[in-house]
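Student:
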Amino acid sequence: MGEKTRLRRTISKWANSTDQDERDLRRTHAEDGCAKIGSAPDRERVKLRGTLRTVTLRPRGGVPALEAELSDGTGSITIVWLGRRRITGIAPGRSMSVVGRIGQHDGERILYNPRYELIP
């Protein structure tokens, strides 16, 4: 009796809000021509689409830098706009697509100064 039944495990999995959020993001941001963040290749030009989770101002080397975490349900990536303190329309919860090359810094995947398009 201590083990959960298969049905109960399945219901628990579907009831988990984090899993549900990720499923919703995957469904919302599935688009032809866009790579999935979780499997996008490094150092190649990619187009990504997702929702901003966080947006913070974090100076890098004495230069202002606006950082945002973009997620599509398959993974997340840090977007950095160097020399910017804020960008109109860039806020948590906003959907957008970005185009650029993914790099690595301290083991973290980063996209510097990408082209972006806000999605209504």
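So the sequence shown is numbered by the working numbering: it starts at 1455 and just counts up by one.
Beta carbons: idealized from backbone N, C-alpha and C, even for Gly.
Given the structure is predicted, the values throughout are model-derived calculations rather than measurements.
Classify L1524: buried if its beta carbon has 16 or more other beta carbons within 10 angstroms, exposed otherwise.
Tutor: Counting Cβ neighbours within 10 Å, L1524 comes out buried, since at least 16 surround it.
Student: Just to confirm, is the Cβ distance from L1565 to I1533 under 8 Å?
Tutor: The answer is yes: Cβ separation under 8 Å.
Student: Should the stretch 1503 to 1518 be regarded as contacting the stretch 1545 to 1555, the criterion being three or more beta carbon pairs within less than 8 Å?
Tutor: Counting Cβ pairs under 8 Å, three or more are found: they touch.
Student: Roughly how many whole angstroms lie between the Cα atoms of R1497 and I1541?
Tutor: The alpha-carbon atoms of R1497 and I1541 are separated by roughly 25 Å.
Student: So, for S1530: in the same chain, excluding its five sequence neighbours on each side, which residues have a beta-carbon less than 8 Å away from its beta-carbon?
Tutor: Cβ within range, chain order: I1491, G1504, R1507, E1523 and L1524.
Student: How long is the line joining the alpha carbons of R1538 and N1567, rounded to whole angstroms?
Tutor: Their Cα atoms are separated by approximately 10 Å.
Student: Under the rule that 16 or more other beta-carbon atoms within 10 Å means buried, what is G1487, buried or exposed?
Tutor: Flag for G1487 reads exposed.
Student: Using alpha carbons as the reference points, say which of R1514, L1536, E1521 and L1502 lies closest to G1527.
Tutor: Among R1514, L1536, E1521 and L1502, the Cα nearest to that of G1527 is on L1502.
Student: Any idea if V1552 is buried or exposed, counting beta-carbon neighbours within 10 angstroms, 16 or more meaning buried?
Tutor: So V1552 counts as buried.
Student: Can you tell which of T1459, R1462 and R1569 has its C-alpha closest to the C-alpha of R1499?
Tutor: Measuring from the Cα of R1499, the nearest candidate turns out to be R1569.
Student: Alpha carbon to alpha carbon, what distance is there between V1517 and W1535?
Tutor: Answer to the nearest angstrom: the Cα atoms are 10 Å apart.
Student: Since I believe L1572 is in contact with G1543 (beta carbons under 8 Å), could you give me their beta-carbon distance rounded to a whole number of angstroms?
Tutor: About 5 Å separates the two Cβ atoms, so the contact holds.
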